[in-house]
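2 protein chains.
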Amino acid sequence: MAEKVTIATVAHHARVSRQTVSNVLNSPHIVREETRRRVEEAIAALGYRANQAARQMRTGRSHLLAVRIEPTRDGINGSVLDRFLHGLTFAAAAAGYRVMLYTADGDGDEIKTFDDLLASYDLDGFVLTGTDHGDVRTFWLAEHGVPFVTFGRPWDAPERHSWVDVDNAAGTAQATRRLIETGHRRIGFIGWPAGSGVGDDRRDGWQRTMKAHDLDPAGLDRGADDGIPQGAECARDLLAMPDAPTAFVCASDSLALGALRAGGGSAVIGFDDTPVAQAIGLTSVSQPLPDAAARCIDLLTDHLDGDPVGTTQVLLQPSLVVRTTA
Amino acid sequence: MAEKVTIATVAHHARVSRQTVSNVLNSPHIVREETRRRVEEAIAALGYRANQAARQMRTGRSHLLAVRIEPTRDGINGSVLDRFLHGLTFAAAAAGYRVMLYTADGDGDEIKTFDDLLASYDLDGFVLTGTDHGDVRTFWLAEHGVPFVTFGRPWDAPERHSWVDVDNAAGTAQATRRLIETGHRRIGFIGWPAGSGVGDDRRDGWQRTMKAHDLDPAGLDRGADDGIPQGAECARDLLAMPDAPTAFVCASDSLALGALRAGGGSAVIGFDDTPVAQAIGLTSVSQPLPDAAARCIDLLTDHLDGDPVGTTQVLLQPSLVVRTTA
DNA sequence: CCCTGCAACTTGAACGATCCAATGATGCAC
DNA sequence: GTGCATCATTGGATCGTTCAAGTTGCAGGG
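First to last, the protein sequences are chains A and B. Residue 325 is where the first sequence ends in numbering that gives the first Met the number 0, and the numbering goes up by one at each step. Residue 325 is where the second sequence ends in numbering that gives the first Met the number 0, and the numbering goes up by one at each step.
Here is the structure:
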């Protein structure tokens, strides 16, 4: 077992004081060129790495960020979080931070966990996913002065805090345009019940694009909770209409899959580009998850390392992955 | 902003010394009943929680475990890791530990990350997933005296370290029995090229069950890398035989999906019970992931909190989730 | 009565880093 | 040569916790 290498070991080895070693690491510019080089050589030779716990005690900064890992609700959208997490971890490491996971059972429980993590691990910040209207979690964090970024915008007040989001409407608009270009005129939309910010946004993109092409969207949309059976149900309902749609834009791959099974024909487009879509050849709107994750980390670390003033918003463009269904 | 509550605050409030508070937390039995209660009340009243960084400095234990998050290789099996991670985080929290993520690009890079994490965060242990023959990572960890558990056994030497695994052979055996019970006699197996422990194990379960039922497995198996096209290719090859199989047991849902698409009929069983299987109604062998995660944490924390002697192995039974394809 | 032993609790030091104030070295002008 | 400003470098204190050693009070044996 190798001996423990502390800042004192390095200092001794480079024949300087501890403080000088610390300066080389934290404010290199105030150390003379030659001394700095000697210290850096000692650090490399001994394989020294600063002990985060000790650093944290003094500075109050743990270089730890936390993200909630959800219990993979309906199983289909889990992979979105998965890819996002990988991006976060990667980007965080590049910025000198590490990602810690936590689970929670509802917003109240999550806030209790915030408190716990802050008190015992001195977390530097949080990345929240899936915000909804008037999210209590964001208010709690803001109130306690805890830095955080959400992936997903606060629909009631866009500039209340920093966030990164994907332009959902642009995604469904792209999907709708694609269907129009391939000759469809009556295009249905299968989404979630009105009231969810993301769902409404996705419906909007479809609706606006229809109107922009002089197509009447009235009566062509349905809403249901996410799921394959629900998607099928909505599709059947639309297909039973006198002037039934010949193509469908859906708010999720689950709904799209349902529509496909209900005999929605071959013109169906989903959302999220999940593994399911890749597997069955479903055309789907893809979110730039690694990019979104990287931007989340950027916003957080900028806030942590620089001047904590103001909030920043980032809206990313999704892209359409064309496969066999459109 | 609330004042910082330290052990000294609690001590003052309960009119005892810091050490007595520490004893109440770490060795309650040596503190007098009445004193203990007074201290516990003070802790509750002030909302005190021990600072892990300070504790770690003294004890060398961070109560942090690390898991690698992979870049979702082929997209289909990513959700397995996702569900496993959730289970880990949950079980770890219950045992007083937290889970930290890291990424790595290959085994060499992962070992460098081990070194880094140990030096700067003083991690207590690692959970490794996806071990292969003669895994260099496990040797490095063992050599450096770092506690770890793998999800997946070391195929070359079963008792070299602690692990939790799912009985793959039992899974494919169950799948094969199911197909035999529903009247099939010529059952093909589509798996991975020989040489991977997991793949060979899954092939074994099929082979043994066939023989146990006086069915000849010879010539009925194919091997290819994981993926839908590969699965389709293998299925086509088998179906072109003079006495073609009427059903397929597959080593993964991806391969199974390929077999289905190649016209493998309606009798196809996959492995892993991924969202894709759930989505398309594919019968699949399901791994008890939350349970496996909990056992990993058990093994690790037992080792950390108790006497670090010997290794333990846990083999869990998978279950067959019957849907529409078998 | 003193000593021993034990239980219950207190005090001082240490973990490894950073912050702060003070010291030493250097150059330059007078 | 002395004074002074400037800057690199040093030593000591500190963060919050636990470990090791020490103190106190009390019961029981000789």
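The beta-carbon is built from N, C-alpha and C at its ideal position, and this holds for glycine as well.
query                                                                                                                  : result
Proximity test, Cβ basis, 8 Å: A:LEU254 and chain B                                                                    : no
For B:ASP242 and B:ARG185, believed in contact at Cβ under 8 Å, the rounded distance                                   : 6 Å
Beta strand (DSSP E) runs contained entirely in the segment 108-191 of chain B, provided each spans 3 or more residues : 124-128, 147-150, 162-165 and 186-190
Neighbouring residues, chain B, relative to A:ILE179 (Cβ below 8 Å)                                                    : Chain B residues near A:ILE179: none, gap ~28 Å exceeds 8 Å.
Contact set for B:ALA103: own chain, Cβ-Cβ below 7 Å, skip 5 residues either direction                                 : ARG67, GLU109 and THR112
Per DSSP, cross-strand counterpart(s) of B:ASP220                                                                      : B:PHE188
Members of the segment 106-128 of chain B near chain A, C-beta cut-off 7 Å                                             : ASP115, ALA118, SER119, TYR120 and ASP121
Pairwise C-alpha distance: A:GLY226 and A:ASP73                                                                        : Reliability fails at A:ASP73, whose pLDDT of 49 lies under 50, so the model's placement of it is uncertain and the value that follows must be treated cautiously. Cα to Cα, A:ASP73 sits roughly 7 Å from A:GLY226.
Outcome for B:LEU319 when other beta-carbon atoms lying within 10 angstroms are tallied against a minimum of 16        : buried
Proximity of A:THR245 and A:ALA261 at Cβ, strictly below 8 Å                                                           : no
Where B:THR88 meets chain A, residues with beta-carbon distance less than 7 Å                                          : ILE68, LEU100, TYR101 and THR102
Residue nearest to B:PHE125 in terms of C-alpha spacing, selected from B:LEU84, B:ASP155 and B:TRP154                  : B:LEU84
Contact list for B:ALA7 against chain A, beta-carbon separation under 9 Å                                              : Those within 9 Å of B:ALA7 in chain A number zero; the least Cβ separation is about 14 Å.
According to DSSP, residues forming a beta bridge with A:VAL313                                                        : A:VAL163
Those residues which DSSP pairs with B:MET99 across a bridge                                                           : A:MET99 and B:ALA65
From B:ILE189, B:GLY133 and B:ALA141, residue whose alpha carbon lies closest to that of B:GLY269                      : B:ILE189
Contact set for A:ARG37: own chain, Cβ-Cβ below 6 Å, skip 5 residues either direction                                  : ALA13
Beta carbon proximity, B:MET209 to chain A, threshold 8 Å                                                              : no
Alpha carbon of B:PHE89 to alpha carbon of A:TYR101, nearest angstrom                                                  : 7 Å
Distance cut-off 7 Å: B:GLY204 Cβ against heavy atoms of the ligand NAD                                                : What this structure holds is no ligand at all, so the ligand NAD is not there to describe.
Minimum C-alpha distance to A:ALA172 - residue among A:LYS210, A:ILE279, A:GLY59 and A:LEU219                          : A:LYS210
Alpha carbon of A:MET327 to alpha carbon of A:SER119, nearest angstrom                                                 : Residue numbering for chain A in the displayed model covers 0 to 325; residue 327 of chain A lies beyond these limits and cannot be assessed.
Distance between A:GLY196 and B:LEU237 (C-alpha atoms, nearest Å)                                                      : 50 Å
Contact residues within the segment 186-199 of chain A, judged by C-beta distance below 7 Å to chain B                 : none
Length of the line joining the Cα atoms of B:PRO27 and A:ALA141                                                        : 37 Å
For A:LEU214, three-class secondary structure by DSSP                                                                  : coil
Beta carbon proximity, A:ASN25 to chain B, threshold 8 Å                                                               : no
Min CB distance A:ASN22 to chain B below 8 Å                                                                           : no
The segment 159-175 of chain B contacting the segment 306-316 of chain B, beta-carbon criterion three pairs below 8 Å  : yes
Three-state class that DSSP yields for B:LEU238 in the structure shown                                                 : helix
Minimum Cβ-Cβ distance from B:HIS302 to chain A less than 8 Å                                                          : no
Three-state class that DSSP yields for A:VAL267 in the structure shown                                                 : strand
Cβ-based burial, B:PRO157 [other Cβ within 10 Å; buried from 16]                                                       : exposed
Spatial neighbours of B:LEU87 in its chain, beta-carbon cut-off 7 Å, leaving aside the 5 residues before and after     : VAL66, VAL98, VAL126, ALA292, CYS295 and ILE296
Residues that DSSP places opposite A:SER78 in a beta bridge                                                            : A:SER78 is not bridged to any residue.
Below-8 Å beta-carbon distance, A:PRO274 vs any chain B residue                                                        : yes
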